[in-house]
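Participant: Chains as they are written, first to last, in the working numbering: chain L, 1 to 334; chain Y, 1 to 326. All residues carry an ideal CB built from backbone N, CA and C; glycine is no exception.
1. With a cut-off of 7 Å, does the C-beta of residue 330/Y fall near any C-beta of chain L?
2. Taking the runs of the alpha helix (DSSP H) that are 4 residues or longer, which of them lie wholly in the region 15–75 of chain L?
3. Please tell me whether residue 74/Y has its Cβ less than 7 Å away from any Cβ of chain L.
4. Spell out whether any CB of chain L is found under 7 Å from the CB atom of residue 153/Y.
5. Taking the alpha carbon of residue 329/Y as the reference point, which residue from 248/Y, 261/Y and 276/Y has its own alpha carbon closest?
6. Give me the chain Y residues within the contact set of residue 210/L, using Cβ-Cβ distance strictly less than 9 Å, ordered along the chain.
7. What number of angstroms, rounded off, separates the C-alpha of residue 249/Y from the C-alpha of residue 210/L?
8. Given that residue 62/L touches chain Y, what residues does it touch there, using C-beta distances under 9 Å?
9. In chain Y, which residues lie with their C-beta within 7 Å of the C-beta of residue 96/L?
10. What does a CB cutoff of less than 8 Å around residue 109/L pick up in its chain, not counting 5 residues either side in sequence?
11. Could you tell me which chain Y residues have their CB closer than 9 Å to the CB of residue 234/L, listed as they occur along the chain?
12. Which residue wins for smallest C-alpha separation from residue 96/Y, given the options 107/L, 99/L, 90/L and 91/L?
13. With 7 Å as the threshold, decide whether the Cβ of residue 118/Y is near any Cβ in chain C.
14. Quick check: what's the CA-CA separation for residue 21/Y versus residue 237/Y?
15. Tell me the rounded alpha-carbon separation between residue 178/L and residue 95/L.
16. Please report whether the beta-carbon of residue 192/L lies at a distance below 7 Å from any beta-carbon of chain Y.
17. Give every residue of the same chain whose Cβ lies closer than 6 Å to the Cβ of residue 239/L, excluding the five residues on either side of it in the sequence, and list them in chain order.
18. Can you tell me whether residue 275/Y is buried or exposed, with buried defined as 16 or more other CB within 10 angstroms of its CB?
19. What are the uninterrupted segments assigned as alpha helix (DSSP H) that are 4 or more residues long and contained completely in the region 28–112 of chain Y, given in chain order?
20. Could you tell me the alpha carbon to alpha carbon distance between residue 190/L and residue 98/Y, rounded to whole angstroms?
21. What residue from 21/L, 237/L, 118/L and 167/L has the CA that sits closest to residue 188/L's CA?
22. Give the interface partners of residue 66/L over in chain Y, defined as CB-CB distance under 9 Å, in chain order.
23. Using only alpha-carbon positions, find the residue among 249/L, 275/L, 279/L and 260/L that is nearest to residue 310/L.
24. Does residue 17/Y get closer than 7 Å to chain L when you measure Cβ to Cβ?
25. Note down the Cα distance separating residue 75/L from residue 69/L, rounded to an integer number of angstroms.
26. Return the residue from the list 54/L, 157/L and 101/L that minimises the CA-CA distance to residue 131/L.
27. How long is the line joining the alpha carbons of residue 59/L and residue 23/L, rounded to whole angstroms?
28. Step through the CB atoms of chain Y and report whether any lies within less than 7 Å of the CB of residue 177/L.
29. Where residue 55/L and residue 43/L are concerned, what is the direct C-alpha to C-alpha distance, given to the nearest angstrom?
30. Contact between the region 117–130 of chain L and the region 132–147 of chain Y: three or more CB pairs below 8 Å?
31. Where does residue 341/L fall in DSSP's three states?
32. Cα separation between residue 123/Y and residue 89/L?
33. When you compare only the Cα positions, how much space is there between residue 87/Y and residue 302/Y?
34. Does the Cβ of residue 310/Y have 16 or more other Cβ atoms within 10 Å, making it buried, or fewer, making it exposed?
35. Apart from the five residues on each side of it in sequence, which residues of its chain come closer than 8 Å, Cβ to Cβ, to residue 246/L?
36. Among 302/L, 86/L, 20/L and 194/L, which one has its Cα closest to the Cα of residue 254/L?
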């Protein structure tokens with residue numbers, strides 16, 4: 001089998017060299033007669049099948065195969081490769097720039113992107129750039145462990161719609177079938193999202209990749225998805241996570257040497273004694289009573305909520321509910 | 001079989017330009033640069049010997065000469081430059097560079113930006129397809145101080161917040177690596193107090209001071225294995241079983257859980273690892289009845305006790321206020 005694939009690789013290299021060397025479009029027949037390897041085809045049909053596969057292979061590798069006719073007398077398309085479209089432009093990197101490129105090539109901890117970055121490095125090296133891949137002590141990595149990542153990236157790059165099962169966020173978490181025209185995959189703060197046009201809801205939507213179940217099935221032809229030219233993928237995701245505005249300030253008391261997490265969240269207003277215990281009064285930005293109540297109630301008797309009254313009440317209700325949930329024998333089912 | 005050609009053809013088209021750019025490069029170095037064995041490299045070169053321009057006579061074919069362990073190109077058959085980057089390759093490299101450009105302190109962003117501009121120019125109109133990355137911005141001064149210590153191989157004294165114990169401590173550490181994992185920055189170091197390798201989250205380093213003494217992690221200090229992600233279950237961890245109401249269902253996504261059993265109406269039962277009981281008690285107490293500890297029983301008991309103590313203290317506060325009012 002290695003012999004077969006070597007023969008094919010050799011034929012493809014010769015095909016590329018031949019098409020790079022020609023200025024005129026070469027017909028398939030001319031290529032068949034010229035490029036070693038095609039003469040082995042036992043019939044016309046076998047040759048065209050072979051040639052078709054080879055053209056696809058070249059296109060998939062990003063080789064800009066042009067088709068056209070030399071003159072109006074030609075009956076079929078010919079082929080050539082324009083050298084200026086084929087060749088990587090001149091590039092010359094300083095040592096520190098090459099180090100940055102090496103670090104960038106190692107960023108991806110996901111086979112699809114890591115493989116593509118390695119392919120880029122091979123070409124840069126072939127263009128004479130020296131890239132030292134020795135690992136230094138600074139190691140930024142971006143991982144995509146979600147099984148949906150590979151098929152979604154492939155669909156984005158192929159411009160192909162996909163359909164998949166998606167578990168909704170929020171309390172109910174039901175599974176819904178989605179059909180999406182994928183525009184891009186976005187990693188924000190270590191989490192991956194898909195952004196695209198949701199065909200059922202006829203609007204832009206984002207989906208967290210960890211909530212997308214396999215299989216992700218491509219539907220329809222490649223190249224059918226049109227990404228709006230002005231779409232800001234990252235901006236769209238970030239917008240969904242804009243924190244709510246500050247609606248007030250929470251004032252709380254914490255004992256000395258305790259509740260460091262709360263101290264980090266807010267500002268220490270000053271030392272205060274509470275019921276004979278030494279401690280500090282803190283002020284915390286209040287964006288959501290519910291959220292701050294969660295942070296505060298976790299500290300139990302190590303926090304005294306002073307203000308506002310609705311926060312005092314929310315924290316008390318949390319404690320009541322927690323006390324109630326944990327008063328019976330713990331083994332019983334939910 | 002086709003995957004083999006898809007891997008090999010770009011390499012075959014790159015080899016001649018590579019050797020042209022580096023006359024006399026050792027075969028071993030070339031093989032390493034392409035990420036293949038020397039044997040594979042020799043097979044590739046033998047194949048290229050059979051390739052060339054129509055005519056396929058001497059002077060048309062690729063010609064390479066071996067001299068000892070080095071390779072020199074004598075005929076290139078028109079393969080002088082590598083193929084331009086594919087859209088996928090350009091995307092992988094440029095998105096990575098732009099991501100690094102957003103990490104001041106961790107990397108030299110000025111050289112990243114110059115490299116990005118040069119690559120963009122060379123790549124031409126390959127276009128960028130649908131990948132974007134944005135990471136948590138860490139405190140630049142802290143990150144830069146850590147990086148300097150690593151470069152100068154110096155020990156550090158840090159003030160560090162431990163979320164598990166909800167406490168701050170002083171530690172003397174020997175820095176090993178500056179990592180970016182799952183969107184956050186970490187300093188991996190030998191902690192002299194814990195006598196072990198620890199990962200310190202950069203946003204929890206409250207103060208950092210470089211010491212005059214050299215960083216000296218013990219030779220047997222093993223770098224952390226992050227191949228399966230950041231959370232590594234260890235013997236120190238215990239497991240708790242929690243019953244979650246729909247409103248607390250999110251914690252199963254936010255924290256590492258081993259097992260999720262779904263029930264009707266969005267309820268779930270999860271097994272969750274924890275290192276510090278105080279941390280889990282804070283979490284459950286904060287969820288205010290949204291989560292109930294099923295196991296271990298002593299943890300359930302502790303949550304109930306903390307809640308009752310807090311309520312009792314609150315009653316005392318309310319009574320006192322009433323006394324002051326009257």
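Facilitator: With the given structure in hand:
1. Since the displayed chain Y opens at 1 and closes at 326, residue 330/Y lies outside it and no answer follows.
2. Within the region 15–75 of chain L, the complete alpha helix (DSSP H) runs of at least 4 residues are 28–34 and 44–60.
3. For the purposes of this step, residue 74/Y is taken as residue 74 along the second chain, with counting starting at 1. Taking CB atoms only, residue 74/Y has no neighbour in chain L less than 7 Å away.
4. Numbered from its first residue, the second chain carries residue 153/Y at position 153. No, because no Cβ of chain L sits closer than 7 Å to the Cβ of residue 153/Y.
5. Outside the displayed range of chain Y (1 to 326) lies residue 329/Y, so it cannot be described from this structure.
6. For the purposes of this step, residue 210/L is taken as the residue at position 210 of the first chain. Those are 253, listed as they occur along chain Y.
7. Working through the second chain from its first residue, we reach residue 249/Y at position 249. Working through the first chain from its first residue, we reach residue 210/L at position 210. Cα to Cα, the separation comes out at about 15 Å.
8. Residue 62/L sits at position 62 when you count from the first residue of the first chain. Counting only Cβ-Cβ distances below 9 Å, residue 62/L has contacts in chain Y at 10, 83, 84, 85, 86, 87, 88, 89 and 126, in chain order.
9. Mapped onto the first chain, residue 96/L falls at position 96. Within 7 Å Cβ-Cβ: 108 and 111.
10. Position 109 of the first chain holds residue 109/L. Excluding sequence positions up to five before and after residue 109/L, its CB lies within less than 8 Å of the CB of 141, 142, 143 and 144, all in the same chain and listed in chain order.
11. Locating residue 234/L in the first chain gives position 234, where the first residue counts as 1. Near residue 234/L (Cβ distances below 9 Å), the residues of chain Y are 132, 133 and 134.
12. In the second chain, the residue the question calls residue 96/Y occupies position 96. Looking from the CA of residue 96/Y, the closest CA among 107/L, 99/L, 90/L and 91/L belongs to 107/L.
13. The displayed structure is made up of protein chains L and Y, and chain C is not among them.
14. Within the second chain, the letter at position 21 stands for residue 21/Y. Within the second chain, the letter at position 237 stands for residue 237/Y. Taking the straight line from one Cα to the other gives about 55 Å.
15. Taking the first residue of the first chain as 1, we reach residue 178/L at position 178. Taking the first residue of the first chain as 1, we reach residue 95/L at position 95. Rounded to whole angstroms, residue 178/L to residue 95/L spans 48 Å at the Cα level.
16. On the first chain, residue 192/L is found 192 positions in, with the first residue counted as 1. Chain Y contact via Cβ: absent.
17. Numbered from its first residue, the first chain carries residue 239/L at position 239. Counting only Cβ-Cβ distances below 6 Å, and skipping sequence neighbours, we find nothing.
18. Along the second chain, one-based indexing puts residue 275/Y at 275. Of the residues assessed, residue 275/Y falls on the exposed side of the cut-off, its CB having fewer than 16 other CB atoms within 10 angstroms.
19. Runs found: 38–49 and 87–101.
20. Counted from its first residue, the first chain places residue 190/L at position 190. Counted from its first residue, the second chain places residue 98/Y at position 98. Answer to the nearest angstrom: the Cα atoms are 16 Å apart.
21. For this step, residue 188/L is matched to residue 188 along the first chain. Taking only the C-alpha atoms, the option nearest residue 188/L is 237/L.
22. Mapped onto the first chain, residue 66/L falls at position 66. The contacting residues do not exist; residue 66/L stays about 14 Å from chain Y at best.
23. Numbered from 1 along the first chain, position 310 holds the residue referred to as residue 310/L. By alpha-carbon distance to residue 310/L, the top candidate from 249/L, 275/L, 279/L and 260/L is 249/L.
24. Locating residue 17/Y in the second chain gives position 17, where the first residue counts as 1. It does; some Cβ of chain L falls within 7 Å.
25. Here residue 75/L refers to the residue found at position 75 when the first chain is read from its first residue. Here residue 69/L refers to the residue found at position 69 when the first chain is read from its first residue. Using only the alpha carbons, I get a separation of about 8 Å.
26. Counting from one through the first chain, the residue named residue 131/L turns up at place 131. Measuring C-alpha to C-alpha distances from residue 131/L to each of 54/L, 157/L and 101/L identifies 101/L as the nearest.
27. Along the first chain, read from residue 1 onward, the residue named residue 59/L stands at position 59. Along the first chain, read from residue 1 onward, the residue named residue 23/L stands at position 23. Going from the Cα of residue 59/L to the Cα of residue 23/L covers about 19 Å.
28. Residue 177/L sits at position 177 when you count from the first residue of the first chain. Not closer than 7 Å to any Cβ of chain Y, the Cβ of residue 177/L fails to qualify, so no.
29. Taking the first residue of the first chain as 1, we reach residue 55/L at position 55. Taking the first residue of the first chain as 1, we reach residue 43/L at position 43. When rounded, the separation of the alpha-carbon atoms in residue 55/L and residue 43/L is 18 Å.
30. Touching, no, given that fewer than three Cβ pairs across the two stretches are closer than 8 Å.
31. Because chain L in this structure spans residues 1 to 334, residue 341/L falls outside the shown range and cannot be described.
32. Translated into the one-based positions of the second chain, residue 123/Y becomes position 123. Translated into the one-based positions of the first chain, residue 89/L becomes position 89. Spanning the two alpha carbons is a distance of roughly 6 Å.
33. In the second chain, residue 87/Y corresponds to position 87, counting from 1. In the second chain, residue 302/Y corresponds to position 302, counting from 1. So the two alpha carbons sit approximately 57 Å from each other.
34. Counted from its first residue, the second chain places residue 310/Y at position 310. Its Cβ being crowded by 16 or more others within 10 Å, residue 310/Y is buried.
35. Position 246 of the first chain holds residue 246/L. Within the same chain, residue 246/L has close Cβ partners 285, 286 and 287.
36. The count along the first chain starts at 1 and reaches residue 254/L at position 254. Proximity to residue 254/L across 302/L, 86/L, 20/L and 194/L peaks at 302/L, based on C-alpha coordinates.
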